[in-house]
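What follows is a short report on a single structure.
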Amino acid sequence: MDSDAVGSFYEEMGFELVEIDDREVLFYQLDDDGTYATITDDNGNVPTDLDSPIIFSVYDENDSYQWSVTLEDSHYFGQLFARFAASDDLLANLRDIRQENIARFDASEL
Numbered sequence: 001m002d003s004d005a006v007g008s009f010y011e012e013m014g015f016e017l018v019e020i021d022d023r024e025v026l027f028y029q030l031d032d033d034g035t036y037a038t039i040t041d042d043n044g045n046v047p048t049d050l051d052s053p054i055i056f057s058v059y060d061e062n063d064s065y066q067w068s069v070t071l072e073d074s075h076y077f078g079q080l081f082a083r084f085a086a087s088d089d090l091l092a093n094l095r096d097i098r099q100e101n102i103a104r105f106d107a108s109e110l
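Start counting the sequence shown at 1; every next residue gets the next number (the UniProt record's numbering).
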């Protein structure tokens with residue numbers, strides 16, 4: 001586990017390590033109304049490395065889950081994050097990826 005590398009990687013993008021529901025997660029404030037995102041591994045924990053799949057989840061100002069998307073790894077997320085200056089553009093792209101993931105899964109079930 002290289003928690004220093006993971007922490008530094010996400011800290012450079014503005015993420016903070018916080019505790020939510022007795023679990024540490026990477027937290028990012030999306031806008032002033034209280035909407036935020038978290039990044040976790042597939043077990044709901046802070047990723048242990050930068051090469052494993054991650055889950056980007058969005059919550060509203062009332063801490064209600066809205067949606068999530070699984071990404072191949074933190075490096076890929078870092079590229080997306082750098083590409084979009086506005087949070088709305090990043091979220092739109094992540095929603096597109098989410099829909100592609102759903103379509104790929106649905107196609108594999110046929």
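Cβ atoms here follow ideal geometry from the backbone N, Cα and C, with glycine treated the same way.
Q. Between the C-alpha atoms of THR40 and SER3, what's the straight-line distance to the nearest angstrom?
A. 13 Å
Q | Simplified DSSP state of ASP96, which is helix, strand or coil | A | helix
Q.
Does TYR59 pass the burial test, meaning 16 or more other C-beta atoms within 10 Å, or should it be called exposed?
A. buried
Q: Tell me where the alpha helix (DSSP H) around SER57 begins and ends.
A: Looking at the DSSP string, SER57 is not in any alpha helix (DSSP H); the run it does join, the beta strand (DSSP E), is 54 to 59.
Q. In its own chain, which residues sit with a C-beta less than 6 Å from the C-beta of VAL18, not counting the 5 before and 5 after it?
A. PHE27
Q: For PHE27, write down the residues that DSSP places opposite it in a beta bridge.
A: GLU16, THR38
Q) Applying the criterion that 16 or more other CB atoms from any shown protein chain within 10 Å of the CB defines a buried residue, is residue 173 buried or exposed? A) Any answer about residue 173 is impossible in this case: the structure gives the chain only from 1 up to 110.
Q: Could you tell me if VAL69 is buried or exposed, where buried requires 16 or more neighbouring beta carbons within 10 angstroms of its beta carbon?
A: buried
(Q) Just to confirm before moving on: does the CB-CB distance between LEU50 and ASP73 stay below 8 Å? (A) yes
Q: Tell me VAL69's beta-bridge partners as DSSP assigns them.
A: PHE56
Q: For the alpha helix (DSSP H) containing SER74, list its first residue and its last residue.
A: 74 to 83
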